[in-house]
Amino acid sequence: MKITIKESDFNRIYEHALSVAPDEACGLIAGTDGEDGIREIKKVYILENIDHTNEHFTIDPREQLKAVKDMRTLGLTPLGNWHSHPETPSRPSEEDKRLANDSSASYLILSLEKEGSPVLNAFHVEGEQGNKTVRKEELIIVEERQD
Amino acid sequence: MKITVSGTVKEVADGLTVSQLIEQENVETPQYVTVSVNEEFIESGTFDTHILKEGDEVEFLYFMGGGTIMQSIIQDGSDE
Chain A
7 MKITIKESDF
17 NRIYEHALSV
27 APDEACGLIA
37 GTDGEDGIRE
47 IKKVYILENI
57 DHTNEHFTID
67 PREQLKAVKD
77 MRTLGLTPLG
87 NWHSHPETPS
97 RPSEEDKRLA
107 NDSSASYLIL
117 SLEKEGSPVL
127 NAFHVEGEQG
137 NKTVRKEELI
147 IVEERQD
Chain B
73 MKITVSGTVK
83 EVADGLTVSQ
93 LIEQENVETP
103 QYVTVSVNEE
113 FIESGTFDTH
123 ILKEGDEVEF
133 LYFMGGGTIM
143 QSIIQDGSDE
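Protein chains in written order, with my numbering: chain A, 7 to 153; chain B, 73 to 152.
This is the structure we're talking about:
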């Protein structure tokens with residue numbers, strides 16, 4: 007599975023994650039899900055982490071509902087979510103795995119662990135509770151052409 | 073009666089409950105799904121008794137959360 011994100015969207019979530027650190031930042035991703043196995047993120051939603059802590063996030067369900075309706079209006083497919091790890095690597099924690107309950111979703115994790123060197127990875131999680139499998143997806147940050 | 077489920081208008085049986093709709097729609101891992109009806113969130117404890125009405129707009133949302141309590145090992149072991 008490949009998933010692409012525009013450089014400008016990557017920069018937006020990085021800047022937002024820095025601005026709310028040490029709290030975790032979070033949001034949703036939407037776009038197209040190609041038959042060739044390539045997912046293209048067309049829109050990134052920056053949403054509120056109602057936990058407001060550095061070790062947990064919960065996306066505000068009201069903002070989530072609003073974002074889902076916006077995706078539908080724009081003809082975009084919900085692709086998953088993103089969140090930041092302010093102090094730890096870009097890989098799913100046990101808690102991330104436990105709460106990853108949509109096997110069709112891509113889960114993006116942005117690590118701010120190394121100052122000035124953000125790391126963004128995408129993952130796919132499937133399986134039953136206690137026996138979940140995590141696979142890394144190929145994430146490509148796409149530079150945008152200046153027309 | 074007609075209701076809208078995740079943006080799609082559907083014909084369903086009169087008196088259908090939220091629980092029955094979840095089953096009918098084959099919602100994956102329903103225990104982690106939040107349901108809104110007409111933009112009001114429904115308490116999960118009332119799914120069995122909440123009867124849907126003509127024209128209701130229903131949305132299923134997966135709880136979206138996580139944390140950094142403990143790191144796990146992914147299959148390829150890379151974090152770059």
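All C-beta atoms in this analysis are idealised placements derived from N, C-alpha and C, irrespective of residue type, glycine included.
Owing to the predicted nature of the structure, the values given are computational and were not obtained by experimental measurement.
So which residues of chain A does residue i contact, with C-beta pairs closer than 8 Å?
i, result
"LEU133 of chain B", "PRO67, GLN70, LEU71 and VAL74"
"GLU111 of chain B", "LEU71"
So what's residue i in DSSP terms, helix, strand or just coil?
i, result
"ASN127 of chain A", "strand"
"SER108 of chain B", "strand"
"HIS22 of chain A", "helix"
"ARG68 of chain A", "helix"
"VAL84 of chain B", "coil"
"ILE56 of chain A", "coil"
"PRO102 of chain B", "helix"
"GLY117 of chain B", "helix"
"GLU152 of chain B", "Reliability fails at GLU152 of chain B, whose pLDDT of 38 lies under 50, so the model's placement of it is uncertain and no value is given."
"GLU61 of chain A", "coil"
"ARG97 of chain A", "coil"
"LYS75 of chain A", "helix"
"MET142 of chain B", "Low local confidence applies: a pLDDT of 43 at MET142 of chain B is under 50, so the model's placement there is unreliable, with the coordinate-based value given in what follows. The answer is coil: DSSP assigns MET142 of chain B none of H, G, I, E or B."
"GLU13 of chain A", "helix"
"GLY136 of chain A", "coil"
Does the beta carbon of residue i fall short of 6 Å from some heavy atom of the ligand ADP?
i, result
"ALA106 of chain A", "Of ligands this structure carries none, so the ligand ADP is not represented either."
In chain B, which residues lie less than 9 Å from residue i when you measure between Cβ atoms?
i, result
"PHE16 of chain A", "The contacting residues do not exist; PHE16 of chain A stays about 15 Å from chain B at best."
What first and last residue would you give for the alpha helix (DSSP H) that runs through residue i?
i, result
"ASP39 of chain A", "Note, ASP39 of chain A: premise wrong, no alpha helix (DSSP H); beta strand (DSSP E) at 32–39."
"ARG104 of chain A", "100–104"
"GLU95 of chain B", "90–96"
Over what stretch of residues does the beta strand (DSSP E) that includes residue i continue unbroken?
i, result
"LEU114 of chain A", "112–117"
"LYS142 of chain A", "139–148"
"PHE135 of chain B", "Note, PHE135 of chain B: premise wrong, no beta strand (DSSP E); not H, not E."
"GLU86 of chain A", "What sits at residue 86 of chain A in the sequence shown is Gly, not Glu. 83–91 is the span of the beta strand (DSSP E), which, as asked, contains GLY86 of chain A."
"ILE75 of chain B", "74–77"
Give me the chain A residues within the contact set of residue i, using Cβ-Cβ distance strictly less than 7 Å, ordered along the chain.
i, result
"THR106 of chain B", "PRO67"
Against residue i, what residues of chain B qualify as contacts under a CB-to-CB distance less than 8 Å, listed in chain order?
i, result
"ARG45 of chain A", "Near ARG45 of chain A there are no residues of chain B at all, since even the closest Cβ is about 17 Å away, more than 8 Å."
"THR64 of chain A", "PHE135, MET136 and GLY137"
Just to make sure I have the definition right: I need the residues of chain B whose C-beta is within less than 7 Å of the C-beta of residue i. Which are they?
i, result
"ASN87 of chain A", "MET136"
"ARG78 of chain A", "GLY79"
Where the segment 73–85 of chain B meets chain A: residues whose CB sits under 9 Å from a CB there
Within the segment 73–85 of chain B, the residues whose Cβ lies closer than 9 Å to some Cβ of chain A are SER78 and GLY79, listed in chain order.
Using a Cβ-Cβ cut-off of less than 8 Å, list which residues of the segment 85–102 of chain B approach chain A; keep chain order.
Listed by position, the residues of the segment 85–102 of chain B near chain A (Cβ gap below 8 Å) are GLU100 and THR101.
Any C-beta of chain B within less than 9 Å: which residues of the segment 92–111 of chain A qualify?
Answer set for the segment 92–111 of chain A: PRO92, GLU93, THR94, PRO95, SER96, ARG97, PRO98, SER99, GLU100, GLU101, ASP102, LYS103, ARG104, LEU105, ALA106, ASN107, ASP108, SER109, SER110 and ALA111.
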